[in-house]
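First up is the structure itself, then whatever we jot down about it.
Encoded structure:
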């Protein structure tokens, strides 16, 4: 294992210890100082990004990749503002989660505490450096960041500002560190936990990055591989509401994990089929449907078995007519990714059945799947969405980056 | 991978699905029917155990091992009673954990749901079969049990009763299954998750079993490797309370994970040293102490560096004089196992410092470490204690065997 990385892990572990006990005011002072430093050094960050961009453009990279790498004045300001927003959140550490008294008089409290050291592995998206660093700091965790090599100079310029903020507030600058090597083995070392110094890995990026992390990590991971989200339009759905939710769930933003990829429509509600298909196609969405859908509108393309398990992240949707809510639940169990699924219905009983039986992190009734987002939950900011069932499920905000301990206050109790 | 095990995993996954939706009354009916079946077949269970015992006695096994393997009428009745106690607990599934409303009117609820399929790997202690099976069932999880080969016949007789109870209550008998092979590869297969069918592993047994599981598991594990628990007697401790808590923490039962292994005493509280040492030695405990302790009482044996990180699980204790609460916290951070640690003091400020800064699953003020137990927390029954920081920490009862989902109820909301 890379000796520099081991030192980084050990320094992170020491920083985590002091950070866990840092008062709220000090953490917030650091976040505000970080924001200020980003604004003060905006030109340096922009120059570093220009350098990354020039190098990236000389390679044959996708335009979406280049777009995520690019910084400008607005994006740099958004990073600074994001850190200020995190400062404004309530402190997740020290929250009293539960409290009860035992018959012998002992008082048991369950208190939120930081997890420890969090490794963030991401692609060449410089703003993740500031977001992830800020969220980890607020939740009292040390962060080890490993961004994509194409954004190295940009991330380096940003991390300098973050560490300046930490130092100004009197916090250990090792609380947020960036891996200084861009070779791929560094990721492998992080996935093994850097000799017991990393407690948790959060990958941020495309499916291949997440798949690599999930397959090889020997420490816990918060992640989702993909968001194959469904909207089921029930027989008792209000037609206008169905149209509006389907359109929003698919088309508001097609590249986010909470966008719908499959629309399921009850077979006894074929009246809804035509307007829903028209609405989607008129909005520029390609609809791939089964025979019923194709018979309804000649613009519908044939769907294949593979479509049901495809996350398009694009203006394409698959559409299937199903026999009622039970068939919809079975379809979602077979093809879904336990991320986010929605039912549109005016029937309360059918809605409750769907909300209970669909085994996804987020299930909605009469609302768009695009609400699958920490900000929309009121979490303030999120570091990602998890579809695993352990610890955090759904949006991961600062509260979800904490664990807990039991504090017991007694008056001399011994156990009989 | 063993084909029989793969089938077992697939059957467990199917059972978990129906079990997750089983009403409380049905799960409780099954638990009561299981208890009844154990009583009805007590003779069969006893005969199977006699067979296991005869075979074990022909080997050269430790007497503590033989004792854990042995069943008798009282122990069989205790298993039945344990299942009835689990039936009497509130249903952990469907609990409303949090609920809030968003400005757009959407109502977000966080609801407890089962984890899925839990693998339990344990030694030749037949009662774990009933306990673990019952706790998993109550929490809506399917269980795959793998007990030690020396208790195979006993566990098999018990599992037959459990499955009879499941069937009588109309539940899938695959909800609790037992691995039918005693070869060690079966454990390895379980640790990889049986082809994605096991969500969580809980080991129950000695340190070598837990270490093997922790090292090799590719799925989440709830466990503690050891309980190196401390009692720190502060300068402001009430002398009588200190004596009584130290004695109880060490000697009530020496073989449990919450028993104290090291006593730390403030150097400005040397008056307490003599009575504490006398109390321990008079109760039959060997005290291994530093120079100050040896000077206080000639019966104190010298302590070595290794003692500080030794879990004796016996009537032996190490004792160190430290310079105040800060030194105690440092000692615990260096040598503890993040399990359970206690401070005895009348000083509220010192107590709060200890409760905040000691990074263990359970921290106590003026109470014995032997309260580290799900029953003592009011959890009803526990499947073990976890010292990891993810998901469950401290005693693992039925609530800790659940995860959650978000249910969102809207009235047609779309995201702007």
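Chains as they are written, first to last, in our numbering: chain A, 16 to 431; chain B, 16 to 431.
We put the CB at the ideal spot given by N, CA and C, even for glycine.
| Check | Outcome |
| --- | --- |
| Mind listing, in chain order, the continuous beta strand (DSSP E) runs of no fewer than 3 residues lying wholly within the region 92-166 of chain B? | 111-116, 122-129, 132-137 and 157-161 |
| Using the C-alpha atoms, what's the distance from residue 280 of chain B back to residue 409 of chain B? | 25 Å |
| Using a threshold of 8 Å, state whether the C-beta atoms of residue 38 of chain A and residue 413 of chain A are closer than that. | no |
| Counting only Cβ-Cβ distances shorter than 9 Å, please list the residues of the region 267-282 of chain A near chain B, keeping chain order. | 267, 268 and 273 |
| Roughly how many angstroms lie between the CA atoms of residue 21 of chain B and residue 50 of chain B, to the nearest whole one? | 29 Å |
| Rounded to whole angstroms, what's the CA-CA distance from residue 378 of chain A to residue 372 of chain A? Just pull it up for me. | 10 Å |
| Report the neighbours of residue 370 of chain B on chain A: residues whose CB is nearer than 7 Å to its CB, in chain order. | 422 |
| Does residue 192 of chain A come out as helix, strand or coil in the three-state DSSP assignment? | strand |
| Within 10 angstroms of the Cβ of residue 16 of chain B, are there 16 or more other Cβ atoms? Answer buried if so, exposed if not. | exposed |
| Between the C-alpha atoms of residue 223 of chain A and residue 241 of chain A, what's the straight-line distance to the nearest angstrom? | 10 Å |
| Return the residue from the list A:161, A:421, A:234 and A:183 that minimises the CA-CA distance to residue 200 of chain A. | A:161 |
| Which residue spans inside the region 335-404 of chain A form an unbroken alpha helix (DSSP H) run of at least 4? | 339-350, 363-372 and 389-392 |
| Just by C-beta distance, which residues in the region 223-235 of chain B are closer than 7 Å to chain A? | 235 |
| At the level of alpha carbons, what is the spacing between residue 237 of chain A and residue 229 of chain A? | 9 Å |
| Please list, in chain order, the chain B residues whose beta carbon lies closer than 7 Å to that of residue 323 of chain A. | Within 7 Å Cβ-Cβ: nothing; residue 323 of chain A doesn't reach chain B, min ~19 Å. |
| I'd like to check one pair, residue 214 of chain A with residue 120 of chain A: are the Cβ atoms closer than 8 Å? | no |
| Would the region 320-327 of chain B and the region 259-277 of chain B be scored as touching if the rule is three or more Cβ pairs under 8 Å? | yes |
| Within its chain, find whatever has a CB closer than 8 Å to the CB of residue 164 of chain A; leave out the 5 residues flanking it on each side and keep chain order. | 139 and 197 |
| Out of A:338, A:364, A:94 and A:295, which has the shortest C-alpha to C-alpha gap to residue 61 of chain A? | A:94 |
| Taking a contact to mean a Cβ-Cβ separation below 8 Å, would you say residue 207 of chain A touches residue 227 of chain A in this structure? | no |
| Given this structure, state the Cα-to-Cα distance separating residue 431 of chain A from residue 267 of chain B, to the nearest angstrom. | 8 Å |
| Is any non-hydrogen atom of the ligand MG found closer than 7 Å to the C-beta of residue 198 of chain A, if you look at the structure I gave you? | For the ligand MG, the structure offers nothing, since it holds no ligand at all. |
| Give the DSSP-derived three-state secondary structure of residue 274 of chain B in the structure shown. | coil |
| Rounded to whole angstroms, what is the Cα-Cα separation between residue 411 of chain A and residue 428 of chain B? | 22 Å |
| Checking the sheet assignment: what are the DSSP bridge partners for residue 333 of chain A? | A:277 and A:303 |
| Pull up the CB-CB distance for residue 333 of chain A and residue 357 of chain A, whole angstroms please, since I reckon it's below 8 Å. | The pair is not a contact, with the Cβ atoms about 15 Å apart (cut-off 8 Å). |
| Taking residue 286 of chain B as the reference, give the member of B:66, B:302 and B:308 with the closest Cα. | B:308 |
| Between which residues of its own chain and residue 253 of chain B is the CB-CB distance below 6 Å, once the five residues before and five after are set aside? | 361 |
| Can you tell me whether residue 26 of chain A is buried or exposed, with buried defined as 16 or more other CB within 10 angstroms of its CB? | buried |
| Going along the chain, which residues of its own chain have a beta-carbon closer than 8 Å to the beta-carbon of residue 100 of chain B, five neighbours each way excluded? | 395 and 396 |
| In chain A, which residues lie less than 8 Å from residue 33 of chain B when you measure between Cβ atoms? | Within chain A, no residue comes near residue 33 of chain B; the closest Cβ sits about 11 Å away, beyond 8 Å. |
| So what's residue 217 of chain B in DSSP terms, helix, strand or just coil? | strand |
| Looking at the secondary structure, which residues open and close the beta strand (DSSP E) in which residue 410 of chain A lies? | 409-411 |
| If you drop the 5 nearest sequence neighbours on each side, which residues of the same chain put their C-beta closer than 6 Å to that of residue 137 of chain A? | 143, 162, 219 and 220 |
| Against residue 130 of chain B, what residues of chain A qualify as contacts under a CB-to-CB distance less than 7 Å, listed in chain order? | 404 |
| Please state whether the Cβ-Cβ distance between residue 291 of chain A and residue 342 of chain A is less than 8 Å. | no |
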